[in-house]
Amino acid sequence: MTEAALSTTTIGHGVAAATPGVSPWKRALLYALLVAVSFLLLYPLLWMVASSFKPDSEIFTSTGLIPSDPTVDAYRRGWSGLSVSFGWMFFNSLVISLLVVVGNLFSCSMAAYAFTRLRFKGRSFWFTLMLGTLMMPQHAVLIPQYVLFLKLGWVNSILPLVVPKFLAIDAFFIFLMVQFFRGIPRELDEAAIMDGCGPLRIFLKVILPLSTPVLATAAVFSFIWTWDDFFAPLIYLNDIEKYTAQLGLRTFVDSTGTSDWGSLFAMSTLTVLPIFILFMLFQRLLIEGIATTGMKR
Amino acid sequence: MTTLALNKIKKSFGNLDIIRGVDLAIGSGEFVVFVGPSGCGKSTLLRMIAGLEPISGGELSIGGERMNETAASERGIAMVFQSYALYPHMSVYKNMSFGLETAKMPKPEIDKRVRKAADILQITHLLDRKPKQLSGGQRQRVAIGRAIVRDPKIFLFDEPLSNLDAELRVQTRVEIAKLHRDIGATMIYVTHDQVEAMTLADRIVVLRAGVIEQNGTPLEIYNRPANRFVAGFIGSPKMNFLDAVAGDVRDGGVSVHIAGRQARLPIDERVAAGAKLSLGLRPEHIGIDGTGGLELGTLTVVHVEHLGGQTIVYGRLADGQSLTVALDGQRAISPGSTLEVQIAVENCHLFDEAGDRIGH
Amino acid sequence: MVGESTMSTLGTTERPVAGGRFTFGDSLAGYGFLAPWLVGFFLLTLGPAVASFYLSLTDYSGLGAANWVGAENYVRIATDDPRFWTAMNVTFTFVLLSVPLKLIFALAVAVALNRGLEGLSFFRAIFYLPSLVGGSVAVAVLWRQVFAGDGLLNQALNMLFGFEGPSWISNPSTSLYTLVLLAVWQFGSSMIIFLAGLRQIPQDMYEAASIDGAGKARQFFKITLPLLTPVIFFNAVILTIDAFKAFTSAFVISDGTGGPIDSTLFYTLYLYQEAFTNFRFGYASALAWVLVLIIAFFTAMSFLTARYWVHYDD
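So the sequences go chain by chain: L, R and U. The working numbering numbers the first residue of the first sequence as 201 and each following residue consecutively. The working numbering numbers the first residue of the second sequence as 21 and each following residue consecutively. The working numbering numbers the first residue of the third sequence as 25 and each following residue consecutively.
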């Protein structure tokens with residue numbers, strides 16, 4: 201019973217509605233359709249990657265996916281295309297994303313633990329408020345937050361991007377962890393109490409070790425969303441040395457206009473690459489993460 | 021060793037009273053079983069003793085010391101949970117040593133205790149495995165082992181057999197009994213299964229709706245149930261209850277009108293003539309060979325169950341009341357036939373309208 | 025043997041508070057663990073929410089003082105701001121087009137994939153990928169090129185049909201639709217949620233229906249769809265709220281202008297311009313609250329009307 205409750209697959213053991221008697225012709229047709237749609241869907245991305253290896257002249261003349269004369273010239277141009285090398289911007293993105301992951305895991309797991317495992321006055325009140333913040337658009341608090349950070353002297357640094365994550369500002373992850381923690385049998389907490397543990401030890405030695413699936417999911421989503429974040433760096437980072445990869449890319453578009461698509465695609469490919477790698481490694485985790493948020497309503 | 025005493029223990033959740041005043045004393049080394057239907061509060065009572073639920077009223081003392089406010093791990097108690105509550109991410113060894121590590125016991129001492137407990141339970145070969153690699157019976161032993169290493173004065177068991185299949189249940193029941201004999205610690209055991217209660221207990225505490233209905237040895241409970249509830253709860257098949265009306269009461273006895281007949285039963289209480297009574301008869305005490313005692317008349321057989329070692333007959337008496345009879349061995353009885361049934365007077369139980377026993 | 029036990033060997037090292045008992049009702053532990061969130065809630069959510077409402081009643085520019093102007097900002101929004109209405113128009117069009125289309129594609133593909141085909145996880149991953157990368161600047165940049173006058177789409181159209189297309193993103197009457205397309209392209213995450221929902225429908229319902237003679241189409245409309253309504257509802261609400269908040273694609277494709285001629289002026293983009301380009305913090309706060317109200321109104325309406333079409337089986 202304990203083990204079953206802890207397996208995180210919410211999809212994968214349901215039965216796909218394989219309707220019997222689907223004729224082979226229909227199947228083939230369906231397949232062909234799906235393949236066609238997939239191809240169409242991915243084509244722009246594939247073309248972008250391919251084009252990053254093409255000389256400029258070819259980009260505007262060929263829709264093909266194989267460069268006739270592959271070259272990494274565009275990458276070289278793009279890397280040093282701005283006053284600061286793209287390497288710096290990747291580095292900034294990496295630092296910010298990793299810090300955000302740490303912050304989210306730390307603060308959101310603590311909040312989720314409090315909401316699910318500890319009893320204290322006002323718990324359901326705060327929980328309702330937390331759920332409320334999930335629905336609230338961040339634009340309502342955007343400007344005062346900016347003013348606050350301005351007065352603190354934090355604008356033009358990574359602090360406004362990172363510190364809030366240590367304060368569990370991403371209620372979505374609290375929600376995700378709450379759902380998961382609820383699946384951990386309470387008897388384990390009780391056995392730990394009988395074993396002499398207080399709330400902290402139960403959190404560290406029982407709950408967290410059993411939560412690796414949700415922690416991993418939260419970490420990967422945190423990283424991806426932070427890496428892809430454009431708005432917050434846009435308003436808080438002013439100096440080009442501090443830019444993230446996304447900001448760098450946008451600046452690059454501005455400066456090159458329509459003149460150097462090759463290097464633009466090269467840098468674009470590079471900014472998408474980490475996401476793609478994470479995707480390949482953690483596909484199952486990501487997909488199940490999304491599925492569970494949709495299902496547990 | 022230790023005694024445990026519950027004094028006017030109450031438990032409420034908001035406006036809901038779960039436990040309404042329980043007094044109980046448990047002697048050192050006793051095996052006490054809390055038994056009762058679901059919702060009677062037996063688990064809650066156990067958890068209050070364990071320290072997992074705060075006590076709303078009354079006093080709990082262990083070894084003469086008040087324990088209401090003491091932390092669970094400091095009461096000298098260990099608990100075996102219904103679904104074992106083994107830490108899935110820890111090995112069997114770790115599961116057993118976790119509590120001792122938390123108490124900062126030195127490693128050699130921990131190792132000694134774990135291995136000794138593993139030896140008693142014959143799980144030494146499983147020490148490196150994780151719970152999910154174990155069978156239900158093995159997990160249960162690890163749960164017991166985890167309790168043993170704490171060297172507690174009192175063991176608490178919360179329905180430990182309910183997750184096992186029938187065959188394993190019997191086997192494990194025997195092992196728990198043996199464990200009690202070997203270790204000699206006080207054990208408090210909660211179950212809804214009256215067979216477990218009867219076979220394991222030195223003393224049974226029957227609970228209903230937060231109150232103790234009766235507290236006694238298994239045979240006391242079986243032979244002299246304090247009320248209709250206890251009488252019907254213990255014993256399988258369930259005791260028959262026939263409506264009866266008190267006739268005149270003369271010294272030492274009352275005449276009882278039952279199933280169109282009259283009989284005389286010895287009692288030592290006053291009963292008003294005309295009072296409505298319940299006559300309790302255990303199926304296994306009813307005979308069909310006419311050897312005297314209280315005659316119940318003709319039973320029309322409605323249904324028969326042939327179990328091989330036992331035959332259960334369901335039927336109706338002359339006045340339409342149902343009666344179940346449990347006979348030894350195999351009998352050639354079929355539905356529609358009739359039987360003359362009787363029961364020895366000393367096997368009769370009389371209950372008044374409120375359900376309380378009328379003593380004899 | 026076990027007989028010589030002493031409680032002291034098992035004494036805990038954790039001295040819980042107040043009388044030596046840890047129970048679940050220990051407020052200290054609860055608030056201790058909740059502390060980071062509580063600080064964040066007051067400092068970064070509640071405080072700013074109240075402050076932004078206050079700011080919306082001032083003419084704060086980020087510098088100097090915030091002078092009270094009462095409801096002036098709101099009045100201006102309602103009566104004297106053509107760009108506001110343009111932004112509303114653009115945003116609503118975007119929402120009303122992209123959300124239903126996304127839902128339809130997501131549902132259609134989910135149903136198709138749920139037929140017990142081989143390679144389900146392969147297709148699922150492929151369809152999900154656009155969702156994952158779609159929000160990034162890189163893809164917005166790519167889209168800009170694809171739909172440019174000399175872009176990929178026009179190259180393909182020329183090659184296949186000899187058709188010379190216009191610059192889709194520079195043309196005010198088509199620019200918004202490129203953004204809609206970008207949004208719909210990312211239907212993968214909704215599809216995954218639908219797939220999970222489909223998996224939860226018990227197989228025996230379909231079997232019973234087959235025995236009753238219901239064909240596949242009938243099964244879909246009478247069994248699948250009704251049982252999926254909670255998931256559809258959830259998806260619709262989330263997608264709509266997200267669509268109202270869309271920003272990056274419009275910003276990158278229009279270079280932050282919302283152009284050409286404000287044809288891609290998403291509401292959030294307008295807000296950004298007012299706050300961070302024109303330094304009208306007070307006014308932008310008012311705009312923010314109008315957005316909050318719109319989203320709140322929409323959400324409330326959704327939940328109220330849900331009972332008429334969403335099937336819950338508790």
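Even for Gly, the Cβ is constructed at its ideal location relative to N, Cα and C.
- Query: Once you ignore the five residues that flank D370(L) on each side, which residues in its own chain have a CB closer than 7 Å to its CB?
  - Reply: N304, C308
- Message: Among R317(L), M335(L), L329(L), G264(L), whose alpha-carbon lies nearest the alpha-carbon of D50(U)?
- Response: R317(L)
- Query: What are the start and end residues of each continuous alpha helix (DSSP H) run of 4 or more residues lying completely inside the segment 92-121 of chain U, in chain order?
  - Reply: 96-103
- Item | Proximal residues, the segment 391-415 of chain L versus chain R, C-beta separation under 7 Å | A391, I393, M394, D395, G396, C397, R401, V406, P409, L410
- Query: Exposed or buried, L317(U), counting other C-beta atoms within 10 Å across all chains shown (16 or more means buried)?
  - Reply: exposed
- Mind checking the segment 104-126 of chain U against chain A and listing, in chain order, the residues whose C-beta falls within less than 7 Å of any C-beta there? Considering every chain present, this structure includes no chain A. Its protein chains are L, R and U.
- Query: Using a Cβ-Cβ distance under 8 Å, would M99(R) count as near chain L?
  - Reply: yes
- Message: My output table needs one value for Y84(U): the three-state DSSP class, helix, strand or coil.
- Response: coil
- Tell whether a beta-carbon distance below 8 Å holds between S287(U) and S191(U). no
- Whole-number beta carbon distance between L485(L) and V420(L), since they are thought to touch under 8 Å: 6 Å
- Cβ-based neighbour list, P257(R), same chain, cut-off 7 Å, excluding 5 preceding and 5 following: P303, I332, T344, A346
- Query: So what's M183(U) in DSSP terms, helix, strand or just coil?
  - Reply: helix
- Got a sec: is the Cβ-Cβ distance from L367(L) to anything in chain R below 8 Å? no
- What number of angstroms, rounded off, separates the C-alpha of S81(R) from the C-alpha of Q158(R)? 34 Å
- Could you name the residues of the same chain whose beta carbon sits closer than 8 Å to that of F244(U), not counting the 5 residues immediately before and after it, in chain order? V135
- Message: Just to confirm, is the Cβ distance from I224(R) to V100(R) under 8 Å?
- Response: no
- Task: Answer with yes or no whether the minimum CB distance from E258(L) to chain R is below 8 Å.
- Result: no
- Item | Closer than 8 Å to chain R by CB, L305(L) | no
- Task: Could you please give the first and the last residue of the uninterrupted beta strand (DSSP E) stretch that includes V276(R)?
- Result: 273-278
- Task: May I ask whether a heavy atom of the ligand COA can be found less than 7 Å away from the beta carbon of E195(R)?
- Result: You won't find the ligand COA in this model; it holds no ligand whatsoever.
- Would you call the CB atoms of A95(U) and L81(U) closer than 8 Å? yes
- What residues are listed by DSSP as bridge partners for L285(R)? V274(R)
- Mind checking the segment 189-216 of chain R against chain L and listing, in chain order, the residues whose C-beta falls within less than 7 Å of any C-beta there? none
- For S455(L), the nearest candidate out of R401(L), T469(L), G281(L) (CA to CA): G281(L)
- Item | Sequence-distant residues of its chain with Cβ nearer than 6 Å to F261(R) (five each side left out) | S298, G300
- Query: Among residues of its own chain, excluding the 5 on either side of S357(R), which ones have a beta-carbon nearer than 6 Å to its beta-carbon?
  - Reply: V321
- Please confirm if G385(R) has its CB atom under 8 Å from at least one CB of chain L. Lying before the first or after the last residue shown, residue 385(R) is absent from chain R, which here runs from 21 to 380.
- Query: Would you report the Cα separation of K62(R) and D309(R), rounded to the nearest angstrom?
  - Reply: 42 Å
- Item | E441(L) and V249(L) closer than 8 Å at C-beta | no
- Extent of the continuous beta strand (DSSP E) to which T320(R) belongs: 314-326
- Query: So, are the CB atoms of L24(R) and I232(R) less than 8 Å apart?
  - Reply: no
- Message: According to DSSP, simplified to helix, strand and coil, what is Q362(R)?
- Response: strand
- Query: When the Cβ atoms of the segment 119-126 of chain U are set against those of the segment 410-430 of chain L, are three or more pairs found closer than 8 Å?
  - Reply: no
- Item | Segment limits, beta strand (DSSP E) that includes D37(R) | 36-46
- Message: List, in chain order, every chain U residue whose beta-carbon is nearer than 7 Å to that of M248(L).
- Response: L166
- Flag Q345(L) as yes if its beta-carbon sits less than 8 Å from any beta-carbon of chain U, otherwise no. yes
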